[in-house]
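Down below is the structure, laid out as structure tokens.
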Amino acid sequence: MKIHFIGVGEPILCDLAVILKNFGYKISGSDQVIEEPALTKLKKYSLLPEEKGWDPDKIKNDFDAVIIGTEVQENNPELERTKDLEVKFFTYPEFLFEFCKDKTRVVIGGSQTKSDVAAVILHVMQYHQKDIDFLINKPLNSEEESLNLSAHNDFILIEGDEFLQGTGNDTPAFQVYQPNIALLSEIKWNNQKGFPSEEKYIAKFQEFIASIVKGGILVYNEEDETLVKLAEATENQIRKHPYATPAYQIVDNEIYLETPEGDMPLENFQKKQLSSLAGAKWICQHMGIDEDDFYEAIIEFEP
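With my numbering, you'll find the sequence shown wraps up at 409, consecutive numbering, no jumps.
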């Protein structure tokens, strides 16, 4: 396949370009500004554009797809040429959905703590050597990638953003993925970019719940009143599992989580992270990790 990236300097597009090249795809790209670490990574894999800027002549009618970055404008000359030649083009969430539509898509959403939930889930999977695909905003450590794709893994864990995809597309990224399993941690509007009112912001989460595949699963924080209302109001035929901050004690300034096997010390967690821990446990169980194995893994989790 031949794929061109408009905005290849964006971190996610850079990682996706490298992965697809390693799959054997023919990759080209362009951007106006390419900074580290994308600059070094693109050089390493011989994907760095020879010149910066946009060139519509780079777009060929034999391309199988063009993938556009979130910062690309509607009047971008390469995008305009793509449309003129009727070449298929995708935002990265749209392409990722197409690539993973036969996998079980696990999407973690929420205004503030989705990264915490996703990090715990990924740590637990890696601790138990369960290979999954993933897209996260914050890698677990400096040696980790933010994106991992394969041809064989059954699950993909996606940290889904509620923000709009750009280029005139008013569909939030997390809604594109049509999750089989979804988690929402909280809804907190604070004049976020692209959402001039709280009502419009909340509506995107309502649409996200509606986008879960029929028979799918929604795990949600029952301590968030807005989320409870949305979960109860949805007409989507899904299973719903609420979660809340688990029972715990604080002894000598150390948190002890109450578990079926007794109190478990949590040296690397703060009190405010316990709700995320409860949500992550639900998701891990739906991904084949039992409760005891979950607790074993989180002892070694380092935020």
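Idealized CB from N, CA, C, for every residue including glycine.
Can you give the Cα-Cα distance for L380 and V325, rounded to whole angstroms? 15 Å
Would the beta-carbon of I264 fall within 9 Å of that of L336? no
Considering only the alpha carbon of each residue, which of K377, G368, K378 lies closest to E402? G368
On the DSSP bridge list, what partners appear for Q355? Y362
Measuring CB atoms only, is the stretch 268-288 touching the stretch 205-225, in the sense that at least three cross pairs come out at less than 8 Å? yes
Apart from the five residues on each side of it in sequence, which residues of its chain come closer than 8 Å, Cβ to Cβ, to W160? I112, S136, Q138, N182, P183, E184
Terminal residues of the alpha helix (DSSP H) in which L324 lies: Here L324 belongs to no alpha helix (DSSP H); instead the beta strand (DSSP E) covers 323-327.
What three-state label does DSSP hand F269 in the structure shown? coil
In DSSP terms, what F76 is bridged to: Because the chain spans 107 through 409 in this model, residue 76 falls outside it and cannot be assessed.
Nearest-angstrom Cα separation, counted from H392 out to I238: 14 Å
Using three-state DSSP, classify P245 as helix, strand or coil. coil
Beta-carbon proximity of I293 to T332, cut-off 9 Å: yes
Simplified DSSP assignment, three categories, for F375: If DSSP states are grouped into helix, strand and coil, F375 belongs with coil.
Rounding to the nearest angstrom, what Cα-Cα distance links V282 and K207 in this structure? 11 Å
Per DSSP, which one or two residues make a beta bridge with H347? V325
If V226 and A386 are in contact, beta carbons under 8 Å, what's the gap, nearest whole angstrom? With a Cβ gap of about 4 Å, V226 and A386 count as contacting.
Going straight from the alpha carbon of N342 to that of I395, what length do you get? 27 Å
Which of helix, strand or coil does DSSP assign to H110? strand
Under a Cβ-count criterion, where at least 16 other Cβ atoms within 10 Å of its own Cβ denotes burial, should T176 be classed as buried or exposed? buried
First and last residue of the alpha helix (DSSP H) that includes L80? No answer is possible for residue 80: the residues shown for the chain start at 107 and end at 409.
Might you give, ordered along the chain, the residues of its own chain that have their beta carbon closer than 8 Å to the beta carbon of E251, omitting 5 neighbours on each side? Cβ neighbours of E251 beyond the five flanking positions: D121, P245.
Under three-state DSSP, which class holds D168? coil
From N296 to E304, what does the alpha carbon distance come to, in whole angstroms? Pairing N296 with E304, the inter-Cα distance amounts to about 8 Å.
Anyone know if the C-beta pair for S89 and L119 falls short of 9 Å? Residue 89 lies beyond the range of the chain shown here (107 to 409); nothing can be said about it.
Where the alpha helix (DSSP H) through F280 begins and ends: Counting along the chain, the alpha helix (DSSP H) containing F280 begins and ends at 279-282.
Between which two residues does the alpha helix (DSSP H) carrying S221 extend? S221 -> alpha helix (DSSP H) spans 220-233.
Which value, in whole angstroms, describes the spacing of the CA atoms of K320 and K346? 12 Å
Could you tell me which of P409, K236, Y354, L253 sits nearest to I414, measuring between CA atoms? The chain is shown from 107 up to 409; residue 414 falls before or after that span and cannot be answered.
With a threshold of 16 other CB atoms inside 10 Å of the CB of P302, please say whether the residue is buried or exposed. exposed
Return yes when at least one heavy atom of the ligand HEM lies under 8 Å from the C-beta of G175, else no. What this structure holds is no ligand at all, so the ligand HEM is not there to describe.
Taking DSSP's pairing of strands, which residues face T197 in a bridge? I174
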